[in-house]
Amino acid sequence: MEMRYLGRTGVEVSSLCLGAMSFGSMGNTDHDDCGRIIDRALDAGINFIDTADVYSAGESEEIVGKALAGRRDDVVLATKFFNPMSRDRNHRGASRRWIVQACEDSLRRLNTDYIDLYQVHRLDEHTDLDETLGALSDLVRAGKVRMVGTSTFPAEAIVEAQWTADRRGHVTPRCEQPPYSIFVRGAERDVFPTCQRYGMGVIVWSPLNGGWLTGKYRRDSAAGEGSRFARLGRGSWRLDSPGAQRKLDILDQLDQIAADAGLDLITLSMAFTLSHPAVTSTIIGPRTMDQLESQLKAADVVLTDEVLDRIDEVVAPGHTISRQDVAFEPQALRKKDLRRLARNGRSVG
């Protein structure tokens, strides 16, 4: 397993990061089986595990904490906060009030005295970054957190966080966690160059684009039982949606590129994400041991320039196939009242 520096932190992490989102009620409910998957990943050379408090309402952290008993110091352990953890309106977000409580809760569930990497799961548009970074800095100084990072931040917020940390004397976010895959290349346009400029590590999520790049979705076959399309079947999770149709058109071309390179689609897709110089580590999210084994192979594959050129011809650099895969949008794009000037109840036209 290749080891890479996490930005300029001096910490080395494996090129594959074990994501724990599928451990617990959101995926694999067998705690012992999840423990075996974690053990196998560590034995394969992975030293980096990423989870979040919201995954299975804390159950994922509990599974990880139990599995790491006796091996905790050998692992770079990352978790995240931001998403709602109860119906209480203050049990979410990136306020100082919630960050301090969320950290204590995660430490308890993970059965550890410290978190190596504590990440803001999403940008909180209602909270000043000075407030968020100030709270995170106090956790670092208290020894409860070693490094801080962000997840799915737009480039402009990454820059603002760097400037705020510098001007206010806070700890600096050392890495960003954006979505990235052959189908979702938007990060190449702005997030990757920004992270490189500030010496930040990049940990990418959903390299298989929610299962699309496993090859299980095809135009001539129905969505399998238990798949996201079969479970949801609405909006972007409809095979007849425009985004889905564009992906189906591309999959045959990717199959041919993979076959010509002597690879399967999963390995091609995973190796693609590791080919970008900005990427430190790619998160794999297996639910089963078979899925883990199918993804571990990518760690030893280096794609040639010819293969990468062919992928660029199919999906242009910086391009995201489906609008539904854009992970962050300002609230004003979703709520019309935020982009319309109040006119004292009067309108013209």
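Residue 143 in the working numbering is what sits at position 150 of the sequence shown, and the numbering runs on without skipping anything.
Glycine included, C-beta positions come from ideal geometry on N, C-alpha and C.
Quick caveat, the model's predicted, so the values are computed rather than measured.
Query	Result
Measure the Cβ-Cβ separation of Ile175 and Val308 and say whether it is below 7 Å.	yes
By how many angstroms is the C-alpha of Gly86 removed from the C-alpha of Thr297?	42 Å
Please go through the same chain and pick out, in chain order, the residues whose beta-carbon is closer than 6 Å to the beta-carbon of Gln238, but skip the five residues on each side of it.	none
From the DSSP output, in three-state form, read off Asp121 for me.	coil
Whole angstroms are fine: how far does the CA of Ile39 sit from the CA of Pro147?	28 Å
Three or more C-beta pairs under 8 Å: does that hold for the region 156 to 171 against the region 90 to 109?	no
In three-state terms, what does DSSP make of Phe75?	coil
What does Phe41 pair with, by DSSP beta-bridge criteria?	Val69
By alpha-carbon positions, which one of Lys240, Asp293, Phe265, Ile151 ends up nearest to Phe321?	Ile151
How would you call Leu285, buried or exposed, if buried means at least 16 neighbouring beta carbons within 10 angstroms?	buried
Going by DSSP in three states, Ser144 sits in which element: helix, strand or coil?	strand
Roughly how many angstroms lie between the CA atoms of Cys10 and Pro323, to the nearest whole one?	29 Å
Let me know the secondary structure DSSP gives Tyr111 once reduced to three states.	strand
Tell me, to the nearest whole angstrom, how far the beta carbon of Val141 is from that of Tyr111; I am working on the premise that it is less than 8 Å.	5 Å
For Asp23 and Thr281, I'd like the C-alpha separation in whole angstroms.	10 Å
When you compare only the Cα positions, how much space is there between Val184 and Pro171?	8 Å
According to DSSP, Val197 sits in a beta bridge with which residue or residues?	Thr275
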